[in-house]
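Worksheet: the structure to be examined is printed underneath.
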Amino acid sequence: MEYIENKEVIAKRIARFFTSGDVVNLGIGLPTLVANYLPDDITLILQSENGMLGLGPAPAPGQADKDLTNASSMPATMLPGGCFFDSAMSFGIIRGGHVDFTVLGVLEVDQEGNLANYKIPGKIVPGMGGAMDLVVGSKKVIAATTHFEKSGAAKLKRLCSLPLTATHEVDYVVTDLGFFEVRDGKFLLWECFPPYTPEFVISSTDADIILADDIIRSKAPRDESGS
Amino acid sequence: MIEKPVINADEAAALIKDGMVVHIGGFLGCGSPDKVIAALARSEARNLTLVCNDTAIHDEKTGKMTGMASLIPLKKFSRVIVSHIGTNPDTQRMMNSGELEVILVPQGTLAERVRAAGFGLGGILTPTGVGTEIETGKRKIIVDGKVFLLELPLGGDIALIKAKKADKAGNLVYSKTARNFNPLMAMACGIVVAEVEEIVEIGEIDPENVQTPSIMVHYLVKA
């Protein structure tokens, strides 16, 4: 089975995960795309670690305010009812358990719920920014990532080898192959996204993956009988 | 109320002496004191330690720099204590070549260490970093069965901060996400220089809306 990277399927699936009123922090990169796919009837309260609740969409052209940016330094807006605060309050909100979900990118994530996403020694060291606090402090952590590295190896591991962002904190992993829950030292596969099959996910990932009892299996067009 | 001296940016930069620990407000350049930073670039000060959220942005495609990014290739700093350097390739290069010591601190821990310095605390206990490289060399303290790292206060010699508005006494009001680390740094350093867009008469800012009390601020610079 051929793999084609698909970030859109990841962002769309995570966008369907929330309920109205959830306080959510979306990390830089792929997680930011989630905001583009939120269902119309879902209103989230987005926390931005540079100091606001109620982050809105990008401003219209010409409407950018130099004092109003998101955590990637892009021009932002605030929705009615939002508020601003300093960095100590921002991380008090994060570390204090007042953020329901954080969605972050991944270099490696393992079946113990360990996450590595801030450093490849000797190659690139962007720094952790707010990621360590977000992963430790948020009630639930969703790791969002394409399933495979450029080299072809799965980013879902038995054990991370890169420096860790945090230990035992990841609750869910959403890739372009499926929706996983980290439970009891394994990846529990709840959903498998078309055209992939659970068998393909398991055979292409060097980690312990078990199928949820009521897994939503995809049926690949060429593989109707198999799964 | 005593009025604070309004000085120009070069006079502010002249307060910074070789070897000082300099806190600079801003988040990737949003809410940074750009005029004082430009003056510091022109000054002779060297061998400084920077405390800042990040080393701002140097977009090598467009040549555009934000915040204090211009100070990095000028080799003003021998050490930077920040949470993020991913948007400044100069920092990355100088770290790799050994010209610049980079100490990465989780952003929430950095905020609390600065706050602790300004609030008279001996440190803070945080769960952030437990089980990672960050815990190396730090004391672990267990409270009610949960492991915390003892993170120490991080004060400085001088803070260069940015606010939207000051009254002549130095009471400050910030703007939107340009607030970020500025109010924390205003309390954590021996000398505080606030670059502000507007200076109004004493009494014109509603006392309910003052975000940094005037006594923290030593000098005002008009942006």
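One line per chain: the protein sequences are A and B, in this order. Counting from 1181, one number per residue, gives the positions in the first sequence under this note's numbering. Counting from 2, one number per residue, gives the positions in the second sequence under this note's numbering. Think of the CB as a built atom: it goes at the ideal place given N, C-alpha and C, for glycine as much as any other residue. Because the structure is a prediction, the values reported are computed rather than measured.
Using beta-carbon positions only, say whether residue i and residue j come within less than 8 Å of one another.
| i | j | result |
| --- | --- | --- |
| L153/B | R114/B | yes |
| K73/B | C53/B | First, the amino acid is wrong: residue 73/B is Ile here, not Lys. Taking 8 Å as the Cβ cut-off, I73/B and C53/B do not qualify as a contacting pair. |
| T178/B | D1247/A | yes |
| A40/B | A14/B | yes |
| V1283/A | I1322/A | yes |
| V1354/A | D1280/A | no |
| T1257/A | P1237/A | yes |
| E77/B | A46/B | Reading off the sequence, residue 77/B comes out as Lys, not Glu. Yes, Cβ-Cβ distance for K77/B and A46/B is below 8 Å. |
| N48/B | S84/B | no |
| L1295/A | V1305/A | no |
| I86/B | G1307/A | yes |
| A187/B | K36/B | no |
| P1260/A | P1239/A | no |
| H59/B | P90/B | yes |
| D1245/A | L1224/A | no |
| L221/B | I206/B | no |
| R1275/A | V1316/A | yes |
Comparing C-alpha positions only, which one of the options sits nearest to residue i?
| i | options | result |
| --- | --- | --- |
| K163/B | L16/B, G119/B, L126/B and F182/B | F182/B |
| I159/B | E12/B, K5/B and M21/B | M21/B |
| Q212/B | E4/B, D145/B, A195/B and K223/B | A195/B |
| D1266/A | A170/B, T137/B and F28/B | F28/B |
| I1396/A | P1374/A, P1343/A, I1300/A and S1383/A | P1374/A |
| A189/B | I3/B, L155/B, N210/B and R180/B | L155/B |
| S1252/A | S1331/A, G1309/A, D1220/A and I1273/A | G1309/A |
| Q93/B | G1272/A, E1292/A, K1303/A and A1244/A | K1303/A |
| E1349/A | K1330/A, M1269/A, R1193/A and S1318/A | S1318/A |
| T1385/A | I1208/A, H1278/A, T1249/A and K1335/A | K1335/A |
| V1293/A | P1255/A, R1363/A, N1230/A and A1244/A | Residue identity differs from the one stated: residue 1293/A is Gly in this sequence, not Val. Considering only alpha carbons, the answer is R1363/A. |
| M217/B | D55/B, K36/B and G119/B | G119/B |
| L75/B | S44/B, I82/B and E61/B | S44/B |
| N1230/A | G30/B, K62/B and M95/B | G30/B |
| P184/B | M2/B, G32/B, D19/B and I3/B | G32/B |
| I104/B | I135/B, E61/B and E4/B | I135/B |
| Y1250/A | R180/B, V222/B and L16/B | The question names Tyr, but residue 1250/A in the sequence shown is Asn. With distances taken between Cα atoms, N1250/A lies closest to R180/B. |
| K166/B | K141/B, G204/B, I143/B and I142/B | G204/B |
| D1220/A | S1228/A, I1208/A and A1195/A | A1195/A |
List the whole-angstrom C-beta distance separating residue i from residue j, where the pair is believed to meet the contact cut-off of C-beta under 8 Å.
| i | j | result |
| --- | --- | --- |
| I1190/A | L1210/A | 6 Å |
| G130/B | L150/B | 5 Å |
| A1392/A | F1367/A | The Cβ separation is near 10 Å, so there is no contact. |
| E198/B | D168/B | Wrong, their Cβ atoms sit about 13 Å apart, outside the cutoff. |
| T1345/A | A1311/A | 5 Å |
| T133/B | P1343/A | 7 Å |
| F1197/A | Q108/B | Between Q108/B and F1197/A the Cβ distance is about 25 Å, and since that is not below 8 Å, they are no contact. |
| R1337/A | E1379/A | One point to set straight first is that residue 1337/A is Lys, not Arg, in the sequence displayed. Not really, about 20 Å apart at Cβ, beyond 8 Å. |
| L122/B | I82/B | Actually they are not in contact, since the Cβ atoms of L122/B and I82/B sit about 18 Å apart, beyond 8 Å. |
| P128/B | V106/B | Their Cβ separation, rounded to whole angstroms, is 15 Å, which puts P128/B and V106/B out of contact at 8 Å. |
Residues in its own chain within less than 8 Å of residue i by CB, not counting five upstream and five downstream?
| i | result |
| --- | --- |
| I38/B | I25, G68, M69, S71, L72 and L161 |
| S98/B | none |
| C1263/A | M1232, L1233 and G1234 |
| K1192/A | Y1217 |
| A42/B | S71, L72, L75 and K77 |
| S1331/A | none |
Using a Cβ-Cβ cut-off of 6 Å (strictly less than) and excluding sequence neighbours within five positions of residue i, which residues of its own chain qualify?
| i | result |
| --- | --- |
| D1356/A | N1186, V1189, I1190, T1326 and H1327 |
| I125/B | E113, A117 and E152 |
| G191/B | D158 |
| S215/B | A170, G171 and N172 |
| R1402/A | For R1402/A, the pLDDT reaches just 43, beneath the cut-off of 50, and the residue's location in the model is therefore unreliable, although a value from the coordinates is still provided. Same-chain partners within the cutoff: there are none. |
| L1339/A | D1290 |
| K1320/A | F1281 and D1351 |
| A1400/A | In this predicted model, A1400/A has a pLDDT of only 46, less than 50, meaning its place in the structure is not dependable; the value taken from the coordinates is given anyway. Cβ neighbours of A1400/A beyond the five flanking positions: P1375 and T1377. |
| H219/B | I192 and V193 |
| G1406/A | For G1406/A, the pLDDT reaches just 38, beneath the cut-off of 50, and the residue's location in the model is therefore unreliable, leaving the point undetermined. |
| L101/B | M95 |
| D145/B | none |
| M2/B | A170 and I203 |
Leaving out five residues on either side along the sequence, give the residues of the same chain with a beta carbon under 7 Å from the beta carbon of residue i.
| i | result |
| --- | --- |
| E1404/A | Interpretation of E1404/A is limited by its pLDDT of 40, a score under 50 that renders its predicted location unreliable; the figure taken from the coordinates is listed afterwards. Excluding sequence neighbours, E1404/A sits near nothing in its chain. |
| V1381/A | L1357, G1358, L1369, C1372 and I1389 |
| L1206/A | T1212, V1214, A1215, L1226 and V1283 |
| N210/B | V174 |
| K18/B | A46 |
Exercise. Jot down the residue ranges of each uninterrupted alpha helix (DSSP H) in the stretch 1295-1345 of chain A, minimum 4 residues, whole runs only, in chain order.
Key: 1311-1317
Quiz item: Which whole runs of the alpha helix (DSSP H) in the stretch 79-157 of chain B are 4 residues long or more, in chain order?
Solution: 90-97 and 108-119
Quiz item: Which whole runs of the alpha helix (DSSP H) in the stretch 1208-1279 of chain A are 4 residues long or more, in chain order?
Solution: 1210-1213 and 1267-1275
Exercise. Jot down the residue ranges of each uninterrupted beta strand (DSSP E) in the stretch 1354-1398 of chain A, minimum 3 residues, whole runs only, in chain order.
Key: 1358-1363, 1366-1372 and 1389-1396
Quiz item: Counting only runs that start and end within the stretch 167-220 of chain B, where is the beta strand (DSSP E) found for 3 or more residues in a row?
Solution: 190-201
Quiz prompt | Segments of 4+ residues assigned as alpha helix (DSSP H) that fall wholly inside the stretch 6-38 of chain B | solution = 10-14
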